[in-house]
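Undergrad: Just so you know, we're using the UniProt record's numbering here: the sequence shown kicks off at 1 and counts up by one.
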Amino acid sequence: MGKMSDIGQAVKQANASWLTIHARTKVQGYKPPAYWDKIAPFTELGLPIIANGEIWNAAHAHDCISQANTPHLMLGRGAVTRPDLVANIENTDKTLTWVELIPHQIAFLNDTTDNQSGLIGRYKQWLGMLTKGYDEADKLWDVVKKEKGKAQIISHLSQSVPA
Numbered sequence: 001m002g003k004m005s006d007i008g009q010a011v012k013q014a015n016a017s018w019l020t021i022h023a024r025t026k027v028q029g030y031k032p033p034a035y036w037d038k039i040a041p042f043t044e045l046g047l048p049i050i051a052n053g054e055i056w057n058a059a060h061a062h063d064c065i066s067q068a069n070t071p072h073l074m075l076g077r078g079a080v081t082r083p084d085l086v087a088n089i090e091n092t093d094k095t096l097t098w099v100e101l102i103p104h105q106i107a108f109l110n111d112t113t114d115n116q117s118g119l120i121g122r123y124k125q126w127l128g129m130l131t132k133g134y135d136e137a138d139k140l141w142d143v144v145k146k147e148k149g150k151a152q153i154i155s156h157l158s159q160s161v162p163a
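In structure tokens form, the structure reads like this:
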């Protein structure tokens with residue numbers, strides 16, 4: 001185990017309360033796959049181990065829990081792409097529809113920040129990520145990506161409700 005053993009011992013000596021492990025190296029970055037099985041040896045440290053990496057749906061979450069030998073997960077981009085991911089993990093029948101997600105998007109856009117262009121940029125970034133989980137987001141993205149005004153974006157968003 002070598003380097004992992006050294007890291008584990010350093011964490012234990014530091015009296016950590018828990019440890020979150022991203023199941024890839026810095027060089028591997030965000031490219032799949034995640035190596036959840038490499039997390040499992042750290043559970044021997046006797047502290048909560050939180051597994052992270054490539055958890056995009058409930059099946060990935062359950063595979064990660066099994067391979068990493070820990071019930072604790074940290075969700076990243078998967079939760080941004082599918083805001084209902086936690087509910088899906090707990091109950092795979094529970095999904096957040098596009099129609100149910102629209103009020104949350106409008107609330108985000110109605111934030112009272114002084115940096116409206118930054119807010120719109122962040123919304124577009126979120127919408128771009130939502131395209132991985134919602135077909136409606138993909139269609140809306142094509143219309144909204146060049147819009148600069150919040151009112152126009154909200155109008156397009158409101159019109160994106162399927163007939």
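Glycine included, C-beta positions come from ideal geometry on N, C-alpha and C.
These numbers were taken from a predicted model, which means no experiment stands behind them.
(1) How is THR70 classed by DSSP in three states: helix, strand or coil?
(2) Return yes when the C-beta of ALA51 is under 6 Å from any heavy atom of the ligand SAM, and no when it is not.
(3) Suppose you measure from the CA of GLY121 to the CA of LEU109; what does that come to, to the nearest Å?
(4) Just how far apart, CA to CA, sit ASP37 and LEU85?
(5) Quick check on THR20: does DSSP put it in helix, strand or coil?
(6) Whole angstroms is fine: what's the gap from GLN159's alpha carbon to LYS148's?
(7) How about ALA51 and LEU73: are their beta carbons less than 7 Å apart?
(8) Out of curiosity, what's the CA-to-CA distance linking PRO71 and ALA23?
(9) Taking all protein chains shown into account, do 16 or more other C-beta atoms lie within 10 angstroms of the C-beta of GLU54, making it buried, or fewer, making it exposed?
(10) Using the C-alpha atoms, what's the distance from VAL99 back to VAL161?
(11) For HIS104, is the classification buried or exposed, using 16 other Cβ atoms within 10 angstroms of its Cβ as the cut-off for buried?
(12) What residue range does the beta strand (DSSP E) around ILE49 cover?
TA: So, from the data block:
(1) If you number the sequence shown from 1, residue 70 lands on position 70. Residue state, collapsed to three classes: coil.
(2) Among the components modelled here there is no ligand, and therefore nothing to report on the ligand SAM.
(3) Position 121 of the sequence shown, counting from 1, holds the residue named residue 121. Position 109 of the sequence shown, counting from 1, holds the residue named residue 109. CA-to-CA, the gap between GLY121 and LEU109 works out to about 10 Å.
(4) Counting from one through the sequence shown, the residue named residue 37 turns up at place 37. Counting from one through the sequence shown, the residue named residue 85 turns up at place 85. C-alpha of ASP37 to C-alpha of LEU85: approximately 22 Å in a straight line.
(5) Taking the first residue of the sequence shown as 1, we reach residue 20 at position 20. Secondary structure at THR20: strand, using DSSP grouped into helix, strand and coil.
(6) Counting from 1 along the sequence shown, the entry for residue 159 is found at position 159. Counting from 1 along the sequence shown, the entry for residue 148 is found at position 148. The alpha-carbon atoms of GLN159 and LYS148 are separated by roughly 17 Å.
(7) Counted from its first residue, the sequence shown places residue 51 at position 51. Counted from its first residue, the sequence shown places residue 73 at position 73. Note that the C-beta distance between ALA51 and LEU73 is below 7 Å.
(8) Position 71 of the sequence shown, counting from 1, holds the residue named residue 71. Position 23 of the sequence shown, counting from 1, holds the residue named residue 23. Computed Cα separation, rounded: 15 Å.
(9) The sequence position of residue 54 within the sequence shown is 54, counting from 1. Classification for GLU54: buried.
(10) Taking the sequence shown and counting its residues from 1, the one referred to as residue 161 is at position 161. Taking the sequence shown and counting its residues from 1, the one referred to as residue 99 is at position 99. Straight across, the Cα-Cα distance linking VAL161 with VAL99 is about 6 Å.
(11) Locating residue 104 in the sequence shown gives position 104, counting from the first residue. Its Cβ having fewer than 16 others within 10 Å, HIS104 is exposed.
(12) In the sequence shown, the residue the question calls residue 49 occupies position 49. Where ILE49 is concerned, the enclosing beta strand (DSSP E) stretches over 49-52.
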